[in-house]
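Below is one structure, written out as structure tokens; the observations come after it.
2 protein chains.
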Amino acid sequence: MEQMNILVVGGVAAGASFAARARRLSETAHITILERGPDVSFANCGLPYHIGGEIAARDALAVQTPESLKGLLNLEVRTQCEATSIDRVGKRLQIRNLRTQQSEWLSYDKLMLAPGASPIRPNWPGIDDPRIMTLRNLQDMDHLTAATETGMRAVVIGAGFIGLEMAEQLRHKGLIVHLVELQSQVFPALDAPMAALLDSELRQHEVALHLSDGVTRFESHDDFVRCHLSSGLALEADLVVLSIGVKPDSELARAAGLQLGPRGHIVVDEFQRTSDLDIYAAGDAVETADRVFADQRTVVPMGGPANRQGRVAADHVFMPDRARPYPGSLGTAIVRAFTVAAGLTGWSEKRLQAAGRPYQTVTVNDSHHASYYPGAKPLTLKILWDPDSGRLLGAQASGFEGIDKRLDVLATAILAGMTVEDLCHLELAYAPPFGAAKDIVNLAGFAACNRRDGLVVHTSELPDDPQVQVVDVRGKPLADAFPVPGHPINIPFPALRASLDKLDRTRPVVTVCAFGKMSYFAARVLAQHGFDVTSFSGGLKANIDPRTPAKLPSA
Amino acid sequence: MEQMNILVVGGVAAGASFAARARRLSETAHITILERGPDVSFANCGLPYHIGGEIAARDALAVQTPESLKGLLNLEVRTQCEATSIDRVGKRLQIRNLRTQQSEWLSYDKLMLAPGASPIRPNWPGIDDPRIMTLRNLQDMDHLTAATETGMRAVVIGAGFIGLEMAEQLRHKGLIVHLVELQSQVFPALDAPMAALLDSELRQHEVALHLSDGVTRFESHDDFVRCHLSSGLALEADLVVLSIGVKPDSELARAAGLQLGPRGHIVVDEFQRTSDLDIYAAGDAVETADRVFADQRTVVPMGGPANRQGRVAADHVFMPDRARPYPGSLGTAIVRAFTVAAGLTGWSEKRLQAAGRPYQTVTVNDSHHASYYPGAKPLTLKILWDPDSGRLLGAQASGFEGIDKRLDVLATAILAGMTVEDLCHLELAYAPPFGAAKDIVNLAGFAACNRRDGLVVHTSELPDDPQVQVVDVRGKPLADAFPVPGHPINIPFPALRASLDKLDRTRPVVTVCAFGKMSYFAARVLAQHGFDVTSFSGGLKANIDPRTPAKLPSA
Chain A
1 MEQMNILVVG GVAAGASFAA RARRLSETAH ITILERGPDV SFANCGLPYH
51 IGGEIAARDA LAVQTPESLK GLLNLEVRTQ CEATSIDRVG KRLQIRNLRT
101 QQSEWLSYDK LMLAPGASPI RPNWPGIDDP RIMTLRNLQD MDHLTAATET
151 GMRAVVIGAG FIGLEMAEQL RHKGLIVHLV ELQSQVFPAL DAPMAALLDS
201 ELRQHEVALH LSDGVTRFES HDDFVRCHLS SGLALEADLV VLSIGVKPDS
251 ELARAAGLQL GPRGHIVVDE FQRTSDLDIY AAGDAVETAD RVFADQRTVV
301 PMGGPANRQG RVAADHVFMP DRARPYPGSL GTAIVRAFTV AAGLTGWSEK
351 RLQAAGRPYQ TVTVNDSHHA SYYPGAKPLT LKILWDPDSG RLLGAQASGF
401 EGIDKRLDVL ATAILAGMTV EDLCHLELAY APPFGAAKDI VNLAGFAACN
451 RRDGLVVHTS ELPDDPQVQV VDVRGKPLAD AFPVPGHPIN IPFPALRASL
501 DKLDRTRPVV TVCAFGKMSY FAARVLAQHG FDVTSFSGGL KANIDPRTPA
551 KLPSA
Chain B
1001 MEQMNILVVG GVAAGASFAA RARRLSETAH ITILERGPDV SFANCGLPYH
1051 IGGEIAARDA LAVQTPESLK GLLNLEVRTQ CEATSIDRVG KRLQIRNLRT
1101 QQSEWLSYDK LMLAPGASPI RPNWPGIDDP RIMTLRNLQD MDHLTAATET
1151 GMRAVVIGAG FIGLEMAEQL RHKGLIVHLV ELQSQVFPAL DAPMAALLDS
1201 ELRQHEVALH LSDGVTRFES HDDFVRCHLS SGLALEADLV VLSIGVKPDS
1251 ELARAAGLQL GPRGHIVVDE FQRTSDLDIY AAGDAVETAD RVFADQRTVV
1301 PMGGPANRQG RVAADHVFMP DRARPYPGSL GTAIVRAFTV AAGLTGWSEK
1351 RLQAAGRPYQ TVTVNDSHHA SYYPGAKPLT LKILWDPDSG RLLGAQASGF
1401 EGIDKRLDVL ATAILAGMTV EDLCHLELAY APPFGAAKDI VNLAGFAACN
1451 RRDGLVVHTS ELPDDPQVQV VDVRGKPLAD AFPVPGHPIN IPFPALRASL
1501 DKLDRTRPVV TVCAFGKMSY FAARVLAQHG FDVTSFSGGL KANIDPRTPA
1551 KLPSA
């Protein structure tokens, strides 16, 4: 393996991780990174925060330079250098220097493709206006930053991760922000109820939301771009951020005849090898195994998987006997907008439904730490599991504090193949400033087991059928102030056992409360008294208005 | 099961959880809680925070009252009522009303013992002075609170959880605080280097630490108690907090002939049954299976296990066909002192050593979220694993933010039987405000795998042998300002490849840096150039001065 020649196309997350690990494993290899842009190894996840001013110094995002990579890792880095063609038989890569436009061929023993993914820029009328921008690299960031310094009106198209972060940061900077989303909710990867708090938070911070709406065309004027929406609305903007998703930069791979997936991603094996075993690929341009369902392939264009894939590939090149496979991607993600955080791991309910896979789910509410300790904030957790085995399939969390922690615990649990029964007995770190003796993750396990054990039947929808008795077990003041739709019967829980004669035993009952806990208690009482009863999962908070000023039930 | 008679001795965590779950499962059972103290179901973990004033309202800690438990759960609660004797043959419990001193016998079908554990109060000379207090319940809290309102000088004996929390809270309230600990470190459950930051934080907040020191006797004076220490020091105190551990309140069980463990804890099976199958026990008074080593028994006197044990027992009483066993306790714990948090899960290095069990360990340092995002704080993580299987055995974390999150992830990983290889591919929630593309948990997995793959040899001690070349690869300013003890050779890492001739290839090398990352890089370079090289694990930060003002290595 002396003097092995390694070429790396793309020098950001996957490419830079691959090269760094390669050098750790071989001092003698020639390792060259070819990067189309002017920068390598920059912190692409931080771009929105510099535009908004939260990360003040641009230098903070330029993690490494060609010079630092030479000094630390003895890597050769060629920026503004595009890979244009692969000669697989001759094991050569053609590159073009974008400054001089000169081309040359470089030989490789192993080639790593880490080209990433580009923001989608559809062929909408008027889209070529330079004020309609995307955000991928430091140059895009600089253009957007400049635009925010002269413009006041921003339209953000797409309410996924980048769209939400940009909406927040542009508001942070004082701009007027419209956020347009084709789906009927923000953060479309979440199930709709779990995105409700984020929706409310954005509106509270005066982000104008336009849901179930999309751009039909742009109209360029001297002083603004007019964005015409399918609803008929027209928004005037000084700058437009287009953040409707990314597509893999797999043209080089396609032209070389490497196998691509149905959406154009490079297909790799568990060691990140493409269909040409001397060519590896990693990062946003590849599809991998899905870690929830082994028979599925998935695409998770995020920094964590990219970094780890690069590392796996380098291990396989330099120590194939000890390299461990990339186990696939799970799709753990989180976004913050103002004071709210929300995220998911594994499969969502809508994705399970669309795939026709069986699942069960519960939603629970609690405080992020002991409710009696100052500063406790409400949070909501939803879990999904396989009805047969109890194995966790996915989880979502939304709230103000401790969202990342619960997602991380649940991601770990899913990766370990844990069941909802296992969640009951997670022994998590507890002192009043940090958690609760029964953490919300335990509570989710309890609720799921109650369902599995037949102790309670859950519904996630209030009944339409007037035959069904809706019993609101909240206190009267709350029941009056934030009434359940329809014709609920208010029986505060402590009065329930003495009030059974107010209910008709021959008609079904749905119990309702603020957070889903008291309605479960009530359902247990009624079930044991012979009622046909269903509990409204997650309570009104999770389903109607996430900011209902209801007191948390005492623990 | 109609009209089953259930008696519960003890109405705090385990007893209250048992009773609540029992009622959820049976509307018809007679359930009576017998509590020696005047309060039930109070938040015992919150007691120090009310003394310090952080939890302002005393009512916040009185989670439930006998009246609320009657209303919500139809429980009969008798406070100030002591269980004095069990007639196992007649299935009767003798109780004494502590107000009237009258005794009576109550019948049971099932009896739950949840008596808890009492603070240890050794037979030291002078210990009966009422100014020497312990902290178990609201009355103790009230006494201590009153004492802090007249006294100014506090001595806290024992630097475990309660001792550390009390030291913090008493300083918070402005008292002069001495903290005395028999061990040579604070938080003795941790391995010593992981407690160093906590030590430094306490001193910074003017808690006078007296380590490796203990009380020999107390001397009562009108205006103060004098605490004589084995070092010869004498401390004058207006109040003394005794927090040197707890012992199980298992006298009732012992007198009834129930099986006890070696340290007096009630022995239970996986459904919390004692050696009498109609008598269950749960909480601080019991010993359970250990979740790391199935052949071990353990005692974890904390709220989380207590609550979950109570629940398991109730399930077993009322639905034995569906009850799932209590899987044992892991011993996850966290403590905060001022701005620092530290904790552990599973087994520590000292515990593994004492038990003669094989293990390997690494310590890693990183930021709690992306280092380029404002507010990133350093944290240190130590993991321990089985050398054969790679299975995780324990973890410890110390730092300012995100400590609870990493402990929770690692507790989940340990409970799932994950290996260090699995840690590499945990896919955790990442956006710049929440984490990093490679979280410190992933980094710990990488470091452990590097060690398992033979890529690096770690040491946790600087060499004494003058034959060994200690190579400090930090920048010269840092190396000069915070020198490595002995005679290090300073070669900043970027200069290393060009400076190999400064080193003697015939003599071993130990590489040293601030955080353990650059020393690993250096060890890889040197190993590939034929050196016999060892990397100083965790760097100088984790081993010498946790507040060394060293720049974090760029990610």
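Chains A and B supply the protein sequences, listed in that same order. Going by the numbering used here, the residue at position 512 of the first sequence is 512; the numbering climbs one at a time, nothing skipped. Going by the numbering used here, the residue at position 145 of the second sequence is 1145; the numbering climbs one at a time, nothing skipped. Cβ atoms here follow ideal geometry from the backbone N, Cα and C, with glycine treated the same way.
CA-CA distance, threonine 1412(B) and alanine 413(A)?
Their Cα atoms are separated by approximately 7 Å.
How big is the Cα-Cα spacing for aspartate 1422(B) and asparagine 442(A)?
23 Å
As assigned by DSSP and simplified to three states, the class of asparagine 365(A):
strand
Where the beta strand (DSSP E) containing leucine 279(A) begins and where it ends
Looking at the sequence itself, residue 279(A) is isoleucine, so the reference to leucine does not match. 279–281 is the span of the beta strand (DSSP E), which, as asked, contains isoleucine 279(A).
Going by C-alpha to C-alpha distance, which of Pro1492(B), Ala1523(B), Pro1494(B), Thr1380(B) sits closest to arginine 1451(B)?
Ala1523(B)
Report all residues from its chain with a CB closer than 8 Å to the CB of histidine 1316(B); omit the five preceding and five following residues, and keep chain order.
Cβ within range, chain order: Phe1271, Gln1272, Arg1273, Tyr1280, Ala1323.
Beta strand (DSSP E) segments (min. 3 residues) lying fully within the stretch 1027–1086 of chain B
Complete beta strand (DSSP E) runs here, min 3: 1030–1034, 1076–1078.
Cysteine 513(A) in three-state terms, based on DSSP:
coil
From asparagine 307(A) to phenylalanine 1446(B), what does the alpha carbon distance come to, in whole angstroms?
12 Å
Grab the span of the alpha helix (DSSP H) containing glutamate 461(A) for me, first residue to last.
Premise fails: glutamate 461(A) is in no alpha helix (DSSP H) and is neither H nor E.
Under a three-way DSSP split, which group does proline 1558(B) fall into?
Outside the displayed range of chain B (1001 to 1555) lies residue 1558(B), so it cannot be described from this structure.
Threonine 1412(B) at chain A interface by Cβ criterion, 8 Å:
yes
Quick one: does serine 1212(B) have its CB under 8 Å from some CB of chain A?
no
For glycine 1399(B), list the residues DSSP reports as bridge partners.
Its beta-bridge partners are Ala1341(B), Leu1379(B).
In chain order, what residues of the same chain have a beta carbon less than 7 Å from the beta carbon of leucine 258(A), not counting five sequence neighbours either side?
Ile266, Thr274, Ser275, Asp276, Ile279
Counting only Cβ pairs nearer than 7 Å, list the residues of chain A close to threonine 1332(B).
Glu427, Leu428, Ala429
According to DSSP, leucine 384(A) sits in a beta bridge with which residue or residues?
Thr361(A), Gly394(A)
Out of curiosity, what's the CA-to-CA distance linking valine 300(A) and serine 250(A)?
15 Å
With 8 Å as the threshold, decide whether the Cβ of cysteine 513(A) is near any Cβ in chain B.
no
Excluding sequence positions up to five away, which residues of its chain have a Cβ less than 7 Å from the Cβ of arginine 1058(B)?
Excluding sequence positions up to five before and after arginine 1058(B), its CB lies within less than 7 Å of the CB of His1050, all in the same chain and listed in chain order.
Here's the rule I'm using: 16 or more other beta-carbon atoms within 10 Å means buried, otherwise exposed. How should glutamate 1349(B) be labelled?
buried
Where the stretch 1358–1377 of chain B meets chain A: residues whose CB sits under 7 Å from a CB there
Ala1370, Tyr1372, Tyr1373, Pro1374
What are the boundary residues of the beta strand (DSSP E) that lysine 110(A) is part of?
110–113
Using only the alpha-carbon positions, how far apart do arginine 336(A) and leucine 410(A) sit?
19 Å
Counting only Cβ pairs nearer than 7 Å, list the residues of chain B close to alanine 60(A).
Residues of chain B with a Cβ closer than 7 Å to the Cβ of alanine 60(A) are, in chain order, Tyr1372.
So that I know if they touch, is there some Cβ in chain B lying closer than 8 Å to that of serine 329(A)?
yes
Do isoleucine 1095(B) and leucine 1113(B) have their CB atoms nearer than 8 Å?
A distance of 8 Å or more separates the beta carbons of isoleucine 1095(B) and leucine 1113(B).
Taking only the alpha-carbon atoms, compute the straight-line gap between valine 473(A) and leucine 1069(B) and give it to the nearest angstrom.
17 Å
N- and C-terminal bounds of the beta strand (DSSP E) containing threonine 534(A)
Counting along the chain, the beta strand (DSSP E) containing threonine 534(A) begins and ends at 533–536.
Where alanine 1555(B) sits in the DSSP three-state scheme:
With a pLDDT of 29 at alanine 1555(B), under the threshold of 50, the modelled position of this residue cannot be trusted; read the value that follows with caution. Alanine 1555(B) falls in the coil class under three-state DSSP.
Give the residues from the stretch 101–118 of chain A that approach chain B closer than 8 Å (Cβ to any Cβ), ordered along the chain.
none
Using 8 Å as the threshold, is the stretch 419–439 of chain A in touch with the stretch 507–514 of chain A, meaning 3 or more CB pairs across them?
no
Look up serine 329(A) in the DSSP assignment and say whether it is helix, strand or coil.
strand
Taking only beta-carbon positions, decide if asparagine 490(A) is within less than 8 Å of chain B.
Judged by the 8 Å Cβ criterion, asparagine 490(A) is not in contact with chain B.
Is there a Cβ of chain A sitting closer than 8 Å to that of lysine 1476(B), yes or no?
no
Which of the three DSSP states, helix, strand or coil, is assigned to isoleucine 1006(B)?
strand
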